[in-house]
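A quick write-up on the structure given underneath.
Numbering (the UniProt record's numbering), first residue to last: 1 to 392.
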C-alpha cells in the first residue's frame with residue numbers, strides 16, 4: 001500500500017501526485033541523469049571561463065540536444081599543432097556521449113514498461129481496495145449507531161449504485177447481444193466463405209479439367225490437320241488418276257458415240273431412201289390407178305344388147321369395192337409411214353442435240369433405242385417383203 005507519510009524534501013504537489021497516481025516525481029529525470037555523468041569525460045585543455053549557478057527550479061528545463069546520428073559542430077581552433085588532438089578528443093567524447101544516450105534511452109524504455117506494469121497493478125489494487133472498503137463499510141456499519149439521515153444517505157447511494165449497475169448490466173446485455181449477433185453474422189459469413197472457397201476449388205478443378213481438355217483438343221486439332229493434309233494429298237492423287245481414267249473413258253465414249261452416230265446416220269439414210277422409194281412406188285401406183293381409162297361402152301342396137309347377169313354384176317361390184325379399199329389402205333399406210341418417219345427424225349435430232357450439249361444417256365434410254373431400232377428394222381423388213389396383191 002502507499003505510504004501516507006510525506007518526506008520533508010519533496011514538494012506538496014509531487015507528494016499529492018504520488019499519492020493519487022503512484023507515479024515518479026517531476027524531477028526524477030534530473031535525479032537519474034547524474035548516474036550517467038561518469039561516462040562523459042571532460043577534455044583536459046578545455047577550461048571553464050564562466051560558472052553559471054543552476055537553480056533548483058531549472059532542473060526541468062529542456063535543452064537542445066544533438067541527434068546521435070548527426071555529429072555535433074566541431075569548433076575550429078586557431079592553434080594548428082593541437083588541432084589533431086582536439087578532434088580526437090572530441091570524437092572520443094562524442095562516442096562516450098552516444099553510448100550514454102543509448103544506455104539512457106534503453107533505461108527510459110525499460111522504465112516506461114515498468115511504469116505501465118505498475119500502473120496496471122496499481123489500478124487493479126485500487127479496484128480491490130474500493131471493493132474491500134465497500135464491504136468493510138457494509139460490515140462495520142452498525143444500524144443502531146447510524147442516524148436516520150446517514151441511513152437514508154446510505155440507501156440513496158445504494159439505490160444510485162444499484163441503478164447505475166443495472167444500467168451497466170443492461171448495456172452489457174445489449175453489448176453481449178450485439179456481439180452474439182455479430183458472431184452469428186460472422187459465422188454465416190464464414191460459412192458462405194467456406195462454401196465460396198469450395199465452389200472456387202470446384203471451379204478450379206473444372207477449369208483444370210477444361211484446360212486439359214483444351215490441350216487435348218488442340219493436340220487432336222493438330223493431328224486432324226496433319227491427317228487432313230495427308231488425306232487431301234491422297235485424294236488429289238486419286239482424283240488425278242480418276243480424271244485421267246475419266247478422260248480416257250470419255251475419249252473412248254466419244255469415239256464410240258461418233259461411230260454410233262455414223263451408223264445411225266447410215267441407217268437413217270437407208271430408211272429415208274427406202275421410204276422415199278416406197279412413197280414413190282405408192283404414188284406411181286395411185287397415179288396409174290387414177291389415170292386408167294374409163295371402160296368403153298359400145299352401144300349396140302337394142303335388139304343386140306344383152307343385160308349383164310347377176311353374177312357378173314356382183315363380180316364387178318366386188319372388184320370395185322376391193323380397189324377402193326386397197327386405195328384407202330395405201331393412203332393410210334402412207335400417212336402412218338410419214339408420221340413414223342417424222343417421229344424418228346425428231347428423235348434423231350434430239351439425240352444429236354443432247355450429244356452436242358453433253359447430256360449423258362441412261363440405261364433406259366439405251367434400251368429404248370434398242371427397242372426402237374428393232375422395231376424399225378422389223379418394219380423395214382416387213383415393208384421390203386410386202387407386195388401388193390394384183391388386181392383382179
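Glycine is no exception: its CB is placed at the ideal position from the N, C-alpha and C atoms.
Could you give the distance in angstroms between the alpha-carbon of residue 270 and the alpha-carbon of residue 234? 53 Å
Our contact map puts residue 278 next to residue 348 with C-beta atoms below 8 Å; I'd like the distance itself, whole angstroms only. Under the criterion of beta carbons closer than 8 Å, residue 278 and residue 348 do not qualify as touching, at roughly 19 Å.
What three-state label does DSSP hand residue 110 in the structure shown? helix
Just checking my contact of residue 327 with residue 289 at CB under 8 Å: how many whole Å lie between their CB atoms? 7 Å
For residue 316 and residue 282, which I take to be in contact (beta-carbon distance under 8 Å), what is that distance rounded to the nearest angstrom? About 25 Å; that fails the 8 Å criterion.
Straight-line gap, residue 165 to residue 206 (C-alpha atoms, nearest Å): 59 Å
Where do the ends of the alpha helix (DSSP H) carrying residue 325 lie? 310 to 357
Measuring only the C-alpha atoms, how far is residue 333 from residue 272? 16 Å
When the distance is taken between beta carbons, is residue 344 closer than 9 Å to residue 268? yes
Residues near residue 311 in its chain [Cβ-Cβ closer than 6 Å; skip 5 each side]: none
CB contact check: residue 319 to chain B, cutoff 9 Å: As a matter of chain content, chain B is missing from the structure shown, which is built from one protein chain.
Curious, which full-length alpha helix (DSSP H) runs of at least 4 residues does the region 122 to 202 contain? none
Measure the alpha-carbon distance for residue 249 versus residue 240 and round it to whole angstroms. Near 14 Å, if we compare the C-alpha coordinates of residue 240 and residue 249.
Among 337, 292 and 339, whose alpha-carbon lies nearest the alpha-carbon of residue 323? The candidate whose alpha carbon is nearest that of residue 323 is 292.
Candidates 354, 318, 280 and 314: closest to residue 337 by CA position: The shortest Cα separation from residue 337 among 354, 318, 280 and 314 belongs to 280.
Using the rule of at least 16 other Cβ atoms within 10 Å of the residue's Cβ for burial, across every protein chain shown, is residue 175 buried or exposed? By the neighbour-count rule (16 or more Cβ atoms within 10 Å), residue 175 is not buried but exposed.
Taking residue 275 and residue 341 to be in contact with their CB atoms under 8 Å, please state how far apart those CB atoms are, rounded to whole angstroms. 5 Å
Taking only the alpha-carbon atoms, compute the straight-line gap between residue 224 and residue 253 and give it to the nearest angstrom. 40 Å
Pick out whichever of 354, 92 and 104 has its Cα sitting closest to the Cα of residue 257. Ranking the options by Cα distance to residue 257, first place goes to 354.
Near residue 84, what residues of its chain come up, given a Cβ to Cβ distance below 7 Å and the 5 sequence neighbours on each side ignored? Result list for residue 84: empty, nothing under 7 Å.
Distance check for residue 99 and residue 125, CA to CA, integer angstroms please. 38 Å
Nearest-angstrom Cα separation, counted from residue 117 out to residue 109: 12 Å
Note down, one range per segment and in chain order, each beta strand (DSSP E) of at least 3 residues found wholly within the region 205 to 256. If we require 3 residues or more, the region 205 to 256 turns out to have no beta strand (DSSP E) run fully inside it.
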